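Protein chains in written order, with the working numbering: chain F, 245 to 542; chain Z, 12 to 251; chain W, 53 to 346. Every residue gets a Cβ at the ideal spot worked out from N, C-alpha and C, and that includes glycine. Remember, predicted model here, so these are calculated numbers, not experimental data. Data first, discussion second: the structure below is written as structure tokens.
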Amino acid sequence: MDDFTLGLLTNVGLFSFLALSAYLLLLAGEMSFGQQAFFGVGAYAGGILTTLYGVPLPLAALAAMGLGALAAFLVGLPTLRLKGLYFAMATLAAAEIARLLFELLHFQREIEGELAGPDGTQGFRGIRWIFEQGIEAQEFLLLTYALLALVLAALLLVERSRLGVTLRSVGEDPELAAALGVNVNRFKLGVAASAGALAALGGVLFAHHNTFIEPRNFDIMLGVHSLAYALIGGLGTALGPLLGVALDIGVLEGSRIFGGARMIVFGGLVAVLLVLRPRGLLDEALVHCITSRALQRR
Amino acid sequence: MAPLLEVRDLVTAYGKIEALRGVSLAVQEGSITCLLGPNGAGKTTLMFSIAGILRPRRGSIRLGARDITGRAPHVIVAAGIALVPENRLVFANMSVLENLRAGAYQRRGGAEIESDIERLMLRFPRLRERAAQNAGTLSGGEQQMLAVARALMSRPRLLLMDEPSLGLAPLVVEEIFRIIAELHRDGTTILLVEQNAHLALQVAQHFYLIEQGKVSFSGSPGALAEDEVIRRAYLGSAAR
Amino acid sequence: MLLDLLQNTIDGAAAGASYALLAVGFTLIFGVLRRVNLSYGPAVMIGCYAATWLHLNFQSGLIVLALAAVAGTVLAGAYVERLCFAPHRSGSAIAAMVASFALWMQFEELATLVLPRHVYAFPLLHEGAPVEFLGLSLRPDALAVLGVAAILCALLQGLLHRTRFGLAVRATIENPHAASLAGIDPGRIFVLIFALASAIGGIAGFLIVATHGQVTPMLGMWATLKGLLAMMLGGLGSLRGAIVGALVLGQIEAHSQWFLGPQWRDLVAYLLLFALLAANPSWMTRWTISRSAS
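And the structure:
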């Protein structure tokens with residue numbers, strides 16, 4: 245596999261975490277413009293831990309996920325009772341605050357004769373844990389997809405469980421869910437924290453794959469992209485967002501047919517797709533149809 | 012004489028569920044025609060289909076010589092039908108006067124519109140008192156009068172009224188029906204949906220009983236024992 | 053000190069005036085469609101690029117450039133309306149928003165295809181030094197922006213309150229169903245409002261690039277964020293609120309930049325928005341439509 249393909253596949257995997265994070269909240273009925281903040285929190289926290297303190301990546305990743313969950317919890321606490329656009333704008337504001345704080349973050353130490361650590365708008369160079377451990381690009385790719393498979397398996401299990409039913413009912417009719425005894429606010433906080441942890445995990449991996457991160461990696465474009473992934477791929481199953489990412493990064497970057505006009509072609513296709521399938525390719529109806537057929541065959 | 016409104020074999024559905032299953036009826040010019048029937052029988056669906064809010068699946072609706080089946084609501088207003096909807100739908104954050112002007116949106120000629128407003132103010136003195144107030148501050152009865160006045164501003168050939176007495180105090184209901192009788196005297200053609208069958212049968216010349224999406228009976232007040240009509244209007248024939 | 057405060061206030065007012073136009077356009081679209089148009093800023097950017105292209109190739113005068121900016125924005129807006137909003141009118145708000153985001157991507161690439169450099173110079177409204185007055189420096193072009201914005205807002209107010217079209221717009225904003233029962237065609241109003249909002253956005257874009265003296269593809273995201281921020285600060289969905297929100301945003305930016313440093317400029321604005329939303333004051337979350345008009 246050449247480097248280009250490797251990089252591409254890894255990116256598909258990395259951004260899938262973010263897309264799944266946005267998808268989780270969409271299922272709970274909330275549209276977040278701010279999941280990129282937790283992706284960023286994960287990237288910065290993980291990078292600082294491995295680079296400045298020599299913490300092994302797995303531990304750093306766990307810590308970063310905890311921090312991502314905490315950050316999402318704190319943002320969710322005052323905002324999850326907001327509806328629709330108000331919630332979207334509150335999360336957008338939170339994410340922009342996070343990005344601007346990354347710009348103010350100067351925390352550098354001398355490591356092996358070189359300054360390392362976040363340096364405001366100059367970014368954060370030299371997150372080299374992967375290379376220091378001698379991990380090959382292919383191995384990292386495998387690691388990413390193994391983690392993604394784990395997350396996906398967990399999500400698919402949840403979707404089939406009572407928890408999944410609760411999740412969708414909270415999203416579709418919170419009053420009814422509340423009447424059935426679900427503590428909607430607490431439930432949504434849990435969902436938001438999980439989504440934050442998920443985004444942070446993606447962020448840690450992103451930082452270590454890129455070795456260099458800067459605040460504008462985590463701007464609003466990334467957030468809207470992750471929402472779009474979930475919506476293009478479909479809201480019927482956790483596989484939907486992955487399809488969205490694969491379509492965007494894979495097909496778009498992978499195909500050079502359209503030359504410089506790739507985004508024009510792709511943007512138009514997305515808009516038309518949404519006219520035909522407003523809830524994405526793998527929407528609830530299609531997923532229901534496929535699963536019920538599969539069950540019949542059994 | 013050819014009727015002003017003629018509905019033939021009308022079928023309107025929400026998804027797979029047919030709310031109207033082949034309704035036919037006629038409204039004579041200058042008359043009050045009343046639709047009776049239990050809740051969920053399809054009366055409001057019929058009103059919405061005539062006004063163009065719902066698109067019928069089959070059948071036809073004619074106003075005079077013109078086929079208006081499936082046309083957009085604003086086209087139907089221009090053709091001469093105005094609906095006073097069940098929940099009134101006045102523009103709460105616009106003044107009474109602006110509500111009336113909005114009702115005349117299809118018409119040209121400012122002077123004539125203003126003189127119509129003047130005449131309606133005479134008929135509805137309460138609206139004159141509140142002309143500059145936002146419609147949202149009016150009482151339920153006043154909002155109902157405003158909704159009727161707004162519909163009249165389009166100078167309709169046919170006025171559709173969906174449950175004008177709903178949620179109003181008895182005295183106010185009485186006033187509304189006095190106005191309906193007045194409009195009739197002035198020659199307005201009215202198709203009325205009303206839960207209060209006693210009141211409706213007092214003003215109507217003709218009535219249709221609608222049950223489960225079909226006309227089950229029609230006639231003039233007095234043709235069928237009034238009690239029977241009323242019983243079925245409230246309870247449906249299933250209660251027999 | 054007092055002089056600095058005054059100077060900042062004046063600078064903030066000029067910036068706020070251009071935000072006000074963006075926020076008014078945003079609010080008009082949100083008011084009638086109840087949909088967020090993420091492509092609003094990028095459409096403005098396309099208008100400004102059309103003007104820049106004319107400037108580069110024909111050295112056209114400012115009036116022609118302004119007209120080109122408006123025409124380009126309206127054209128781009130019409131494209132957005134047809135592809136993102138007309139099909140989703142009674143459907144999903146999120147789908148419409150994501151579709152508008154997809155077109156944003158198209159607009160950015162279109163801009164860089166036509167004019168590939170990252171920054172292009174744009175002719176200034178006013179060349180030369182600011183006017184010194186009582187120790188304050190007044191930029192004539194900033195004052196012109198303030199004046200144009202004030203006039204446009206007054207005209208819009210008149211249009212909405214004194215004309216038959218305005219009556220129909222306000223009725224549609226309140227309730228499209230009721231409006232159609234009164235004989236108004238809401239579909240037509242949606243399209244006309246989109247065109248009107250785009251035209252206002254085009255004027256705003258022209259004024260912004262002609263005072264900054266440059267155009268970049270980032271203008272799209274910038275304009276969308278400023279417009280959204282001002283609209284939300286003003287309480288969402290009221291024209292008067294949008295104008296107030298925009299002026300407040302201009303002041304916050306100018307003063308926090310002066311007192312705290314340039315990196316705090318945007319931070320304070322977002323902190324304020326977050327705090328307002330978190331506090332959930334009722335004036336902000338109550339969707340009062342015709343405050344949009346009154």
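* Which residues in the same chain as W/F246 place their Cβ atom closer than 6 Å to its Cβ, once the five residues preceding and following it in sequence are excluded? -> Excluding sequence positions up to five before and after W/F246, its CB lies within less than 6 Å of the CB of G129, E133, all in the same chain and listed in chain order.
* Bounding residues of the beta strand (DSSP E) (the contiguous stretch that carries F/E354) -> 353-355 is the span of the beta strand (DSSP E), which, as asked, contains F/E354.
* To do: Measuring only between beta-carbons, confirm whether Z/M105 sits less than 8 Å from chain W.
  => Chain W, which has a Cβ nearer than 8 Å to the Cβ of Z/M105, makes this yes.
* From Z/A76, Z/R66, Z/R73, Z/F188, residue whose alpha carbon lies closest to that of Z/L210 -> Selected option, being the one with the closest Cα: Z/F188.
* To do: Counting only the same chain and skipping the five closest in sequence on each side, list residues whose C-beta sits under 8 Å from that of W/Q59.
  => Excluding residues within five positions, the ones whose Cβ falls inside 8 Å are L188, S189.
* For F/V468 and chain W, any beta-carbon pair shorter than 8 Å? -> With respect to chain W, the C-beta atom of F/V468 has a partner C-beta closer than 8 Å.
* Please report the Cβ distance between W/D318 and Z/H85, rounded to the nearest whole angstrom; I am assuming they are in contact, meaning their Cβ atoms lie under 8 Å. => The C-beta separation of W/D318 from Z/H85 comes to about 45 Å, leaving the pair out of contact by the 8 Å criterion.
* To do: For the region 215-242 of chain W, list the alpha helix (DSSP H) runs that are entirely contained and at least 4 residues long, ordered along the chain.
  => Runs of the alpha helix (DSSP H) inside the region 215-242 of chain W: 216-226, 228-233.
* Asked: Does the beta carbon of W/A230 sit closer than 8 Å to a beta carbon anywhere in chain Z?
  -> Closer than 8 Å: yes.
* Could you give the DSSP three-state label for F/S462: helix, strand or coil? => Residue 462 of chain F is actually Phe in this sequence, not Ser. Assigned with DSSP and collapsed to three states, F/F462 falls in helix.
* **Beta-carbon proximity list for W/V116, same chain, < 6 Å, skipping 5 on both sides** => Cβ neighbours of W/V116 within its own chain (closer than 6 Å, five residues either side excluded): none.
* To do: Go ahead and pull the three-state DSSP assignment for Z/L252.
  => Outside the shown range of chain Z, which is 12 to 251, sits residue 252 of chain Z, and nothing can be said about it.
* Asked: Which residue's Cα is closest to the Cα of W/V296: W/L73, W/A331, W/H264?
  -> In this structure, W/L73 is the residue among W/L73, W/A331, W/H264 with its C-alpha nearest to the C-alpha of W/V296.
* Can you name, in chain order, every residue of its own chain whose Cβ lies under 8 Å from the Cβ of F/T294, other than the five neighbours on each side? -> Sequence-distant Cβ neighbours of F/T294 in its own chain, meaning closer than 8 Å and more than five residues away, are P300, L301, A304, I371, W373, H452.
* What does Z/G114 reach in chain W if we use C-beta pairs closer than 7 Å? -> Here the neighbours are A234.
* Asked: With 16 as the cutoff for other CB atoms within 10 Å, does F/L394 come out buried or exposed?
  -> By the beta-carbon neighbour count (other beta carbons within 10 angstroms, threshold 16), F/L394 is exposed.
* **beta strand (DSSP E) segment containing Z/G70, residue limits** => From DSSP, the beta strand (DSSP E) with Z/G70 extends over 69-74.
* Asked: What distance in whole Å lies between the Cβ atoms of Z/A162 and Z/A93, which are believed to be in contact at a cut-off of 8 Å?
  -> Contact between Z/A93 and Z/A162 holds, with the beta-carbon distance rounding to 4 Å and staying under 8 Å.
* Asked: In chain W, what lies closer than 7 Å to Z/E109 by C-beta?
  -> L219, listed in chain order.
* Reduced DSSP secondary structure (H/G/I, E/B, other) of Z/A250 -> Bear in mind that the predicted position of Z/A250 carries a pLDDT of just 42, short of 50, making it unreliable; the figure below should be weighed with that in mind. Of the three classes helix, strand and coil, the one that applies to Z/A250 here is helix, per DSSP.
* Under the assumption that F/F283 contacts F/P459 (Cβ atoms under 8 Å), give the Cβ distance between them as a whole number of angstroms. => Cβ-Cβ separation between F/F283 and F/P459: approximately 12 Å, too far for a contact (criterion under 8 Å).
* State the Cα-Cα distance for the pair F/L264 and F/A316, rounded to the nearest angstrom. => Looking at the two C-alpha atoms, the distance is approximately 15 Å.
* **Cut-off 8 Å between Cβ atoms - residues of its own chain near Z/Q144, not counting five sequence neighbours on either side** => Taken in chain order, the residues that qualify are S106, V107.
* Asked: Among the residues of its own chain, which have a CB less than 7 Å from the CB of Z/N104, if the five just before and after it don't count?
  -> The beta carbon of Z/N104 lies closer than 7 Å to those of N145, G147 in the same chain, with the five residues before and after it left out.
* With DSSP run on the structure shown, which of helix, strand or coil describes F/L258? -> In the three-state reduction of the DSSP assignment, F/L258 falls in the helix class, which pools H, G and I.
* **Span of the alpha helix (DSSP H), counted from its first residue to its last, around F/K432** => It spans 428-454 - the alpha helix (DSSP H) in which F/K432 sits, taken as one unbroken run.
* Asked: How do the region 198-210 of chain W and the region 170-189 of chain W stand: do at least 3 beta-carbon pairs fall below 8 Å, yes or no?
  -> Not touching, per the Cβ criterion.
* To do: Ignore the nearest five residues each way along the sequence and tell me which others in Z/P232's own chain have a CB closer than 7 Å to its CB.
  => Within the same chain, and ignoring the five residues on either side of Z/P232 in sequence, the residues whose Cβ sits closer than 7 Å to its Cβ are L212, A215, F218.
* Asked: Between W/Y131, W/L167, W/A145, which lies nearest to W/W156 when the distance is taken from Cα to Cα?
  -> Minimum Cα-Cα distance from W/W156 among the listed residues W/Y131, W/L167, W/A145 corresponds to W/Y131.
* In chain order, what residues of the region 147-167 of chain W put their CB closer than 9 Å to some CB of chain F? -> Of all residues in the region 147-167 of chain W, A147, A148, M149, V150, A151, S152, F153, A154, L155, W156, M157, Q158, F159, E160, E161, L162, T164, L165 have a Cβ within less than 9 Å of some Cβ in chain F.
* Asked: How should W/C100 be labelled, buried or exposed, when 16 other C-beta atoms within 10 angstroms of its C-beta is the threshold for buried?
  -> Per the 10 Å Cβ criterion, buried.
* Using a C-beta to C-beta distance shorter than 8 Å, which residues of chain F count as neighbours of W/A330? -> Result: P322, T323, A334.
* To do: Reducing DSSP to helix, strand and coil, say where F/A307 ends up.
  => When secondary structure is reduced to three states using DSSP, F/A307 falls in the helix class.
* Mind checking who Z/T23 pairs with in its DSSP beta bridge? => Per DSSP, Z/L31.
* **Neighbour flag for W/P139 against chain F, beta carbons, 8 Å** => Answer yes: the Cβ-Cβ gap between W/P139 and chain F drops below 8 Å somewhere.
* Using a C-beta cutoff of 8 Å, does W/R86 count as contacting chain Z? -> With 8 Å as the cut-off, W/R86 does not count as an interface residue toward chain Z.
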